[in-house]
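Colleague:
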Amino acid sequence: MFNSLSDRLTATFKNLKGKGRLTEADVDATVREIRRALLDADVAVPVVREFTAAVKERALGLEVSEALNPGQQVVKIVNEELQNILGGQTRRIRMAKTGPTIIMLAGLQGAGKTTLAGKLGKWLKGQGHRPLLVASDLQRPNAVTQLQVVGERAGVPVFAPHPGTTSESDDPTGDPVQVARDGVAQARARLHDVVIVDTAGRLGIDEALMEQARDIRDAVRPDEVLFVIDAMIGQDAVNTAQAFNEGVDFTGVVLSKLDGDARGGAALSVASVTGKPIMFASTGENVDDFEQFHPDRMASRILDMGDVLTLIEQAEKQWDRDEAEKMARKFTDQEDFTFEDFLAQMQQLRKMGSMKKMLMMMPGAAGMREQLENFDEREIDRVEAIVRSMTPHERVAPKIINGSRRARIAKGSGVTVSEVNQLMERFAQAQKMMKRLAQGKGVPGMPAGIPGMPGAGGGPKKGKGKGSAKKGGSRSGNPAKRAQENAALEQQRKQKAPAGSAFGAAPGQPDPADLNLPKGFEKFLGQ
């Protein structure tokens, strides 16, 4: 969503790198480029004016002039001001003290309210709640049916006593206000602790339907009224948000279609103009593509600083603790890394969602956007198909996989023999690296015994180990002579290093072939 804005801001900040002092002209030029980037992203003009004025005032103040790195200080100021216009703090749902918590959805037709109702329901269910969806949109054709389908996919029950309209020519029948009231009563009777009321959308600011939304609000007295807005509607987002704020006095905003290719100005405008926080974001078409909105994390994404916290949360939510402990035990016992382990790790990654989305959350991902866009997620499917075409014995003893077995595996997985050979080579390198880690030797090119590394031994062991002082002989007490002896030993160690080391081409930078990555990743990494 914010790709264009992120690229523009990142390019602007590059001009500040390496400057020991920023002049007023430097600040003016930077603020001017920020203003252009925000306007091109369809951010509302009043918001742009307020944002750039705040950035300029702070950039010319003491916090920048006295900073050791003025360029980084300006980036910090922009990051903080972005957080402010996005709402400042993370806003969570206010749960009712007694009875079910009632959440009412409002917004334009086509904004994605009905789909979002299912996503919100599943998200709340994952938080330990028992939500109920209420179909109060009797206006749009097949809206009730759509909510029932979405609810089934999300695993959340739907209260739909009236079928609603089925075509544009049908006259709306039924009372949506009564449906909402009965839905809340049903939730109380069946001990649901959250009610999500889906209301009718409108194609424009329709006063009759706005009145209907007010009537539903007055009838059920919701704890939260969430305004669902399409993040791709651009400058019109401000007018629409203001109209709904006056009409139903919503308490929070939900951004839908945040995975689209629009410039994203709505997200940067709505919270600032209405004073109401953005609470959730819909990031895809699946019912799982839904997340709590964190202004600080979104600001970091826009500035290409990544969103590692969200990545960690997704991993903690999806990662199997038993599988992780099993892998840790293998490290401790120094057992061989097998294709069974490899398959288990791939399945864990698949649970976390799209590989592209995860990689885009990493700091500096904007510089690899083109490679990421070209990365084919189906490469992971092909690798998994190759492993699944092996017999159980072949997975735990890959050395027995000869030419005829490789041909059979290739035929079974629908790939070429050369692709199987490439995977086998990458896997053999990964096995060597995992064994070194388990033995506490570390990755070639890195010091052994790094704290926190699985199986790290904390450095050379006492006694008969290769790194013991006895084995290497005594050291001279003369500092200059001792330095020469250490240099000679280091040269001998390098000569003994195995050919094809993972760090042979560029010390400190691993070769993708050694990391057991799917074939498509090598293209993504620019190899």
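Its first residue numbered -6, the sequence shown is counted upward by one per residue in this note's numbering.
All residues carry an ideal CB built from backbone N, CA and C; glycine is no exception.
#1: Spatial neighbours of Ile70 within its chain, please: CB distance less than 7 Å, with the 5 preceding and 5 following residues excluded, ordered by chain position.
#2: Tell me which residue opens and which closes the alpha helix (DSSP H) that Asp19 is part of.
#3: To the nearest angstrom, how far is the alpha carbon of Leu522 from that of Thr5?
#4: Taking Cβ positions, are Phe330 and Met417 nearer each other than 7 Å?
#5: State buried or exposed for Ala234, treating a residue as buried only when at least 16 other CB atoms are found within 10 Å of its CB.
#6: Going by alpha carbons, who is nearest to Gly7 out of Leu55, Gly54 and Gln66?
#7: Measuring alpha carbon to alpha carbon, tell me which of Asn135, Glu43, Leu9 and Gly100 ends up nearest Pro63.
#8: Counting only the same chain and skipping the five closest in sequence on each side, list residues whose C-beta sits under 6 Å from that of Arg214.
#9: So, for Gln76: in the same chain, excluding its five sequence neighbours on each side, which residues have a beta-carbon less than 6 Å away from its beta-carbon?
#10: Quick check on the DSSP output: the beta strand (DSSP E) that includes Glu278 runs from which residue to which?
#11: Consult DSSP for Met291 and reduce its assignment to one of helix, strand or coil.
#12: For Leu261 and chain C, any beta-carbon pair shorter than 7 Å?
#13: Cα separation between Gln132 and Leu184?
#14: Mark Ala390 as exposed unless 16 or more other C-beta atoms lie within 10 angstroms of its C-beta, in which case mark it buried.
#15: Quick check on Met97: buried or exposed, where buried means 16 or more other Cβ atoms within 10 Å of its Cβ?
#16: For Ile95 versus Asp216, is the C-beta distance shorter than 7 Å?
#17: Going by C-alpha distance, which of Arg419, Ser397, Pro385 and Ile393 is nearest Val376?
#18: For the structure I just gave you, are there three or more beta carbon pairs, one from the stretch 140 to 157 and one from the stretch 117 to 132, closer than 8 Å?
#19: Could you compute how far the alpha carbon of Leu55 sits from the alpha carbon of Gln415?
#20: From the DSSP secondary-structure annotation, give me the bridge partner or partners of Ala47.
#21: Just reading off the beta strand (DSSP E) that Pro124 is part of, what are its end residues?
#22: Are at least three pairs of beta-carbons, each pair with one atom in the stretch 260 to 276 and one in the stretch 232 to 251, less than 8 Å apart?
#23: Are Val36 and Gly258 close, meaning C-beta to C-beta below 7 Å?
#24: To the nearest angstrom, how far is it from the Cα of Thr276 to the Cα of Ser249?
#25: What does DSSP give as the partner residues of Asp223 in its beta bridges?
#26: Since Thr159 and Pro134 should fall inside the 8 Å C-beta cutoff, what is the C-beta to C-beta distance between them, to a whole number of angstroms?
#27: If you reduce the DSSP assignment to three classes, tell me which class Gln285 lands in.
#28: Can you tell me where the alpha helix (DSSP H) holding Ile402 begins and where it ends?
Modeller: Let me spell this out:
#1: Within the same chain, Ile70 has close Cβ partners Val48, Arg51 and Ala52.
#2: Counting along the chain, Asp19 sits inside the alpha helix (DSSP H) bounded by residues Glu17 to Asp33.
#3: Absent from the structure is residue 522, since the part of the chain shown begins at -6 and ends at 520.
#4: Not closer than 7 Å, so no.
#5: With 16 or more Cβ atoms within 10 Å of its Cβ, Ala234 is classed as buried.
#6: For clarity, residue 7 is Lys in the given sequence; the question names Gly instead. When each option's Cα is compared against that of Lys7, the closest is Gln66.
#7: Of Asn135, Glu43, Leu9 and Gly100, the residue nearest in Cα terms is Leu9.
#8: Non-local beta-carbon contacts of Arg214 in its own chain, meaning distances under 6 Å to residues more than five positions away in sequence, are absent.
#9: If we look at Gln76 and ignore the five residues flanking it on each side, its Cβ neighbours are Pro288, Asp289 and Ala292.
#10: Neither: Glu278 is in no beta strand (DSSP E) and is coded neither H nor E.
#11: Met291 falls in the helix class under three-state DSSP.
#12: No chain C appears in the structure shown, which is made up of a single protein chain.
#13: For Gln132 and Leu184, the distance between alpha carbons rounds to 29 Å.
#14: Exposed is the label assigned to Ala390, since fewer than 16 other Cβ atoms lie within 10 Å of its Cβ.
#15: So Met97 ends up on the buried side.
#16: Yes, the Cβ-Cβ distance between Ile95 and Asp216 is below 7 Å.
#17: Nearest of Arg419, Ser397, Pro385 and Ile393 to Val376, Cα basis: Arg419.
#18: For the pair of segments examined, the stretch 140 to 157 was found to touch the stretch 117 to 132: the number of CB pairs separated by less than 8 Å reaches three.
#19: So the alpha carbons of these two residues sit roughly 57 Å apart.
#20: Partner(s): none; Ala47 has no beta bridge.
#21: Secondary structure note for Pro124: its beta strand (DSSP E) is the uninterrupted segment Pro124 to Ala128.
#22: By the Cβ test, the stretch 260 to 276 is in contact with the stretch 232 to 251, since at least three Cβ pairs between them sit closer than 8 Å.
#23: Contact flag set, yes.
#24: Approximately 7 Å, taken between the alpha carbons.
#25: Looking at the DSSP output, Asp223 shares a beta bridge with Ser249.
#26: Indeed they touch by this definition, with Cβ atoms about 6 Å apart.
#27: Of the three classes helix, strand and coil, the one that applies to Gln285 here is strand, per DSSP.
#28: From DSSP, the alpha helix (DSSP H) with Ile402 extends over Gly396 to Ser406.
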